[in-house]
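Chains as they are written, first to last, in our numbering: chain W, 72 to 498; chain D, 239 to 572. The C-beta atom is built at its ideal place from N, Cα and C for all residues, glycine as well. Because the structure is a prediction, the values reported are computed rather than measured. Okay, so here's the structure we're looking at.
Structure representation (structure tokens):
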């Protein structure tokens, strides 16, 4: 067998995707197709997924260029509801700003902002029932804010302080609240996907009425767990909403490394025979409408829906990431779908139900509330300033009952602390 | 009862007692599993509680974790332990840590059943013993029965346990005890006291070892198929060995180990899994740390070799009577 290529054939070549823009590049998004806001049809919730494949390739939108809500997907929300939605998004942004700064001030180790993606979490959370179970990824803090989870609890968790109900055992922002239908966040990508499907299957098997929803980034759709979850969801028609947040970037890898050059992420649904929608993720009304539609499908045993939220990660992946090192700074300002908070605000103004002064006032109120809460949270301590939890809690919760080897290690650690004379040895 | 029937009976008892117990896995439903361990359960408890799954181990365990978080008690089957690796992340990063990372808000009370071990000409994909991989992970429990009686009592305790448990079933002894002589006559459980299995509920607590033979000269620590092989080797060599069936390796019954080794002064560890970083290494370290001044000989390990499980040379790989017998004679020389 010859090891040389055959001279009469053209040599093969490997395609390695490359994003269109790198730092310093002029950005031109004219190739991103943005259909008219009223272009997408809204199928009956009982329609067979095969009858609306085009929705996996288009873009479900509600807010048009003139800030009006139009088309079949218009959820026709009343102004109070719209203002609540706007406030939840503004509060999420204010919270992110403040906690980002807290990390920069050395008060915690890590933070992840959801700037530019607030509509994805807030829009969905407002469309779900308050007791539906969410299996989020790490950028859906808007769900907790929408569900009125106390912000101080979020901050206590971020600071791993003595008020942290997770006892400082989790990385900052990896919240958990069973009571609020918010599953413990994992850092391992897409592991929550089959778990959400399992929860939904259990709910269905028990004749419950609650459904599950889960979120992952577009990069994580490459994980095996994503595909396992889609298979299970399809096979058992699990009452689950599978959200893919396509924010274009997985740390520094652009969406092309998850297959975006070949097709959309919503189109993944077609191969599984489940309903697929591609939604303008910066349009809070579109996210709301799509989630409500998917929830109705789930609640009426029509099975799962996969929703791709087409959005943009305005900030770095986390406080440990510097996006200026790999993408053009113009990307966010030129993003063709705009900013979700601004678009909803402009819609309310166009309705005559809001104005810039009230917006400024609300932003100030949000910032004040966050700042006030932060002060309260910091009374419980910040990360690195002493050990906030009693030392022996380190060994609690590995098992329901502590086995001998952990008990021995716990005793050893406590003896070390006694010998050291440090003040936090005892509970 | 053979071990498969005992395992079946344990699930039956638990499904009848607790409607939250669900059985899932490839082929476990209508067909009753490739080893028939779940036979009849779907017919009795319905498809909502006993169902076939797609062939995706990470999906099976991930879904089980979600069901556990809902409040069910899933008993997923991984058809062969060799295929558990695609589910490793769900077991190690998710099931094992869920209680800890959520400070008890969410738990994964799942019992993963899986046939494991060699001696059936299963080649490298149907013979492995991966228990030490899981024993290394904080938050998981690992249980391995050696008789039908133990299998049922331990499986019931595992299903009742609120922590994730790996329940490895030694498939070489599903149908009968095995003395290690591959060309010898095969036996069935009807002539073994461990084959007497009550039909109703009983449990054997996790973390409690069983002294299957009392002796004064050497302690043999073993589990699964090796319990029977060791019993036979002791008979053949005439050494007065104390044989301890660990039954669960996490948590391991340290009191039983210490008491026995302190008494006999010698310790031999036998497992089928590969040697390096196998559970024998942990046992050896524990014995050395706790019983050093009572030891009259170095702690010895008899294990599978550090190769993949070979197909045609299976019986050269398997830690059988020759290898164990030699090691036993050697440890008695000191």
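Hey, would you say residue 134 of chain W sits closer than 9 Å to residue 140 of chain W, going by beta carbons? yes
Among W:359, W:264 and W:174, nearest to residue 315 of chain W - alpha-carbon criterion: W:264
Cα-Cα, which of W:114, W:110 and W:95 is closest to residue 364 of chain W? W:114
Can you give me the Cβ contacts of residue 235 of chain W inside the same chain, cut-off strictly under 6 Å, excluding the 5 residues immediately before and after it? 227 and 228
Check each candidate in D:275, D:347, D:544 and D:338 and name the one with the smallest Cα separation from residue 316 of chain D. D:275
Does residue 349 of chain D get closer than 9 Å to chain W when you measure Cβ to Cβ? no
Kindly indicate if chain D contains any beta-carbon less than 9 Å away from that of residue 373 of chain W. no
Residues sharing a beta bridge with residue 374 of chain D, DSSP: In the DSSP output, where bridge partners are listed per residue, residue 374 of chain D has none listed.
Going straight from the alpha carbon of residue 497 of chain W to that of residue 286 of chain D, what length do you get? Bear in mind that the predicted position of residue 497 of chain W carries a pLDDT of just 49, short of 50, making it too unreliable to give a figure here.
Tell me the residue span of the beta strand (DSSP E) that contains residue 352 of chain D. 349–354
So the beta strand (DSSP E) residue 204 of chain W belongs to, where does it begin and stop? 204–206
According to DSSP, is residue 290 of chain D helix, strand or coil? strand
Alpha-carbon spacing of residue 658 of chain D relative to residue 476 of chain D, whole angstroms: Nothing about residue 658 of chain D can be read from this structure; chain D reaches only from 239 to 572.
In chain D, which residues lie less than 9 Å from residue 249 of chain W when you measure between Cβ atoms? 307, 340, 343 and 344
Residue 298 of chain W, buried or exposed, once every other Cβ within 10 Å from all chains shown has been counted against 16: buried
What first and last residue would you give for the beta strand (DSSP E) that runs through residue 284 of chain W? 283–288
Proximity winner among D:481, D:433, D:395 and D:507, relative to residue 451 of chain D (alpha-carbon distances): D:481
So, for residue 328 of chain D: in the same chain, excluding its five sequence neighbours on each side, which residues have a beta-carbon less than 7 Å away from its beta-carbon? 296, 299, 300 and 303
With 16 other CB atoms within 10 Å as the buried threshold, where does residue 92 of chain W fall? buried
At least one CB of chain D closer than 9 Å to the CB of residue 181 of chain W: is that the case? no
Any chain D beta carbon closer than 9 Å to residue 245 of chain W: yes
Residue 222 of chain D classed as buried or exposed, judged by whether at least 16 other C-beta atoms fall within 10 angstroms: Look at the range of chain D in this structure, 239 to 572, and you will see that residue 222 of chain D is not part of it.
Confirm, please, whether the CB-CB distance from residue 506 of chain D to residue 537 of chain D is below 9 Å. yes
Could you pull out every residue in the same chain whose Cβ sits closer than 8 Å to the Cβ of residue 470 of chain W, ignoring the five residues on either side in sequence? 477
Minimum Cβ-Cβ distance from residue 556 of chain D to chain W less than 9 Å: no
Sorted by chain position, which residues of the same chain lie with C-beta nearer than 6 Å to residue 211 of chain W's C-beta, five sequence neighbours on each side aside? 192 and 286
Exposed or buried, which one is residue 253 of chain D when buried takes at least 16 other CB atoms within 10 Å? buried
Quick one, are the C-beta atoms of residue 381 of chain D and residue 311 of chain D less than 9 Å apart? no
Would you say residue 458 of chain D reaches chain W, if we count a Cβ-Cβ gap shorter than 9 Å as a contact? no
At the level of alpha carbons, what is the spacing between residue 461 of chain D and residue 383 of chain D? 7 Å
Where residue 336 of chain W sits in the DSSP three-state scheme: coil
What does the alpha-carbon distance come out to for the pair residue 388 of chain W and residue 288 of chain W? 11 Å
Helix, strand or coil at residue 417 of chain D [DSSP, three-state]: coil
Cβ closer than 9 Å: which chain W residues qualify as neighbours of residue 407 of chain D? What residue 407 of chain D touches in chain W: nothing, since even the nearest Cβ is about 22 Å away.
Strictly by DSSP, which residues pair up with residue 506 of chain D? D:458 and D:538
Please check if any C-beta of chain W sits within less than 9 Å of the C-beta of residue 574 of chain D. With chain D represented from 239 up to 572, any question about residue 574 of chain D goes unanswered, as that position is not in the structure.
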